[in-house]
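For the sequence shown, position 106 matches number 174 in the numbering used here, and the numbering has no gaps at all. All remarks here apply to the structure that follows.
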Amino acid sequence: MTSLLIRALASAALVLPASAALAADPFAACLSQLRGPALKAGVAAATFDTHTAGLAPDMAVIDLLDAQPEFKTPIWDYMAGLVDDERVADGQAGMARWQAELERASLRYGVDPATIAAVWGVESNFGRTLGGRPLLTSLSTLSCFGRRQAYFRGEFFATLKIIQDEHIAPDRLVGSWAGAFGQTQFMPSTYLRLAVDFDGDGRRDLVDSVPDALASTANFLKRAGWNPALAWGYEVRLPAGLDTAGAGRKNKRPMSSWVKQGVTRADGQPLPGGDTPAGLLLPAGRGGPAFLVTRNFDALYSYNAAESYALAIAHLSDRLRGGGPFVQAWPTDDPGLSRAERRELQRLLIARGYDVGEPDGMVGARTRQALQAAQRELGLPADGRAGQKALKALRASTPPPKG
Numbered sequence: 069m070t071s072l073l074i075r076a077l078a079s080a081a082l083v084l085p086a087s088a089a090l091a092a093d094p095f096a097a098c099l100s101q102l103r104g105p106a107l108k109a110g111v112a113a114a115t116f117d118t119h120t121a122g123l124a125p126d127m128a129v130i131d132l133l134d135a136q137p138e139f140k141t142p143i144w145d146y147m148a149g150l151v152d153d154e155r156v157a158d159g160q161a162g163m164a165r166w167q168a169e170l171e172r173a174s175l176r177y178g179v180d181p182a183t184i185a186a187v188w189g190v191e192s193n194f195g196r197t198l199g200g201r202p203l204l205t206s207l208s209t210l211s212c213f214g215r216r217q218a219y220f221r222g223e224f225f226a227t228l229k230i231i232q233d234e235h236i237a238p239d240r241l242v243g244s245w246a247g248a249f250g251q252t253q254f255m256p257s258t259y260l261r262l263a264v265d266f267d268g269d270g271r272r273d274l275v276d277s278v279p280d281a282l283a284s285t286a287n288f289l290k291r292a293g294w295n296p297a298l299a300w301g302y303e304v305r306l307p308a309g310l311d312t313a314g315a316g317r318k319n320k321r322p323m324s325s326w327v328k329q330g331v332t333r334a335d336g337q338p339l340p341g342g343d344t345p346a347g348l349l350l351p352a353g354r355g356g357p358a359f360l361v362t363r364n365f366d367a368l369y370s371y372n373a374a375e376s377y378a379l380a381i382a383h384l385s386d387r388l389r390g391g392g393p394f395v396q397a398w399p400t401d402d403p404g405l406s407r408a409e410r411r412e413l414q415r416l417l418i419a420r421g422y423d424v425g426e427p428d429g430m431v432g433a434r435t436r437q438a439l440q441a442a443q444r445e446l447g448l449p450a451d452g453r454a455g456q457k458a459l460k461a462l463r464a465s466t467p468p469p470k471g
């Protein structure tokens with residue numbers, strides 16, 4: 069038994085049945101315990117028995133529970149990978165392709181097309197990356213081991229109800245390690261509450277129907293309090309003497325109060341006054357970009373409870389409308405890489421003889437290990453960080469790949 073499994077089982081605190089067979093298999097014991105609550109939640113006995121038979125835990129998701137990039141990655145790296153010129157171009161192409169559906173969803177739910185498309189882009193790269201983990205496997209594992217078991221049990225039961233009531237085959241329900249699925253990565257319980265049939269085929273299909281996914285996202289944001297009369301917020305400049313001790317998304321004051329204190333928009337445009345509540349967001353401290361954010365930012369935050377995530381969607385929506393990058397640079401001497409730059413870094417490592425697999429712009433273990441080795445060769449700190457410093461060093465020392 070691996071140390072990971074031992075640690076996970078120790079944290080599970082399961083109360084096992086007396087059956088020796090079940091006691092020898094904690095996962096099977098857990099599923100047995102979940103049967104009653106699942107039936108009370110509306111899952112038919114036949115559904116539960118059919119779709120839990122043969123399930124085996126995927127213990128890798130337990131480690132992923134504590135390794136979410138929106139919480140662990142420096143914000144300048146996180147933003148560089150999610151909001152780059154490539155994603156903006158792809159998003160604008162997607163908006164043109166689905167213009168009629170986006171406009172119809174916007175009219176019905178009061179959320180502008182660029183914001184809907186930005187969620188789509190951040191969540192699945194406009195349908196290109198839906199995730200590959202079977203929901204039943206991930207959610208049953210998370211229901212039995214690790215922290216937040218009660219939450220994931222609700223999502224596990226919701227997945228069974230989707231299979232049962234929506235007639236979606238289990239092999240179509242694949243997604244993230246946490247159970248989010250579809251073009252805009254709804255959790256199963258969110259699907260049951262808020263997914264809509266927007267293409268009129270009688271099914272709520274977030275996997276294969278872009279119209280259903282876009283409209284469902286707009287419905288989510290409307291229910292989360294999106295106000296079509298408001299911007300999500302503005303990048304701002306702060307006067308030198310401004311007290312930022314009360315900064316925070318939740319500490320909102322009237323916009324006019326910020327104007328009186330000398331806060332201005334970073335792009336030089338006038339900051340609207342009035343009574344609209346806005347909070348001061350400093351995601352990298354006083355030395356980085358600063359933002360005044362409204363309740364619409366809170367609606368984005370509710371989609372995935374991380375301020376960096378909400379900021380990525382907000383910024384991408386602005387870029388899709390034709391806006392530019394943030395005015396203020398991030399407070400780092402080693403900014404993050406766009407996906408195109410990450411692919412270039414991988415190609416340069418391959419040219420030096422390292423095996424990083426296909427250059428895909430995803431910096432995984434093989435890329436980091438190869439980069440560390442290359443850094444040692446170049447006499448640089450071997451930290452494996454895929455930033456601008458490493459890319460510039462490789463550019464300067466590696467012959468360009470042939471072809």
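The C-beta atom is built at its ideal place from N, Cα and C for all residues, glycine as well.
For F266, the CB contacts under 6 Å within the same chain, skipping 5 residues up- and downstream, are P279, D280, A283 in chain order. For E445, the three-state secondary structure derived from DSSP is helix.
According to DSSP, F116 shares a beta bridge with no other residue. Counting along the chain, the unbroken beta strand (DSSP E) around R305 starts and ends at 301-305. Contact between the stretch 118-133 and the stretch 375-383 is absent: fewer than 3 CB-CB pairs across the two stretches fall below 8 Å. With contact defined as three or more Cβ pairs closer than 8 Å, the stretch 356-372 and the stretch 328-347 are in contact.
Pairing L306 with N287 gives a Cβ-Cβ distance that is not under 7 Å. The C-beta distance from A442 to L405 rounds to 15 Å, too long to fall under 8 Å, and the pair is not in contact.
Linking L99 to K108 through their CA atoms gives a straight-line distance of about 15 Å. Minimum Cα-Cα distance from P142 among the listed residues D401, T435, L446 corresponds to D401.
Under the DSSP assignment, P279 falls in the alpha helix (DSSP H) whose first and last residues are 278-291.
For L349, DSSP records a beta bridge to F359.
Bridge pairing for R201: G243 [DSSP]. For D233, the uninterrupted alpha helix (DSSP H) segment begins and ends at 217-233. Residue pairing by DSSP puts R333 in a beta bridge opposite V304. The beta carbon of L260 sits closer than 8 Å to those of A226, K229, I230, all from its chain and outside the five residues before and after it, given in chain order.
For Y177, the enclosing alpha helix (DSSP H) stretches over residues 167-177. In the DSSP assignment, P238 forms no beta bridge with any residue. Boundaries for A397: no alpha helix (DSSP H) harbours it, and the DSSP string shows neither H nor E there.
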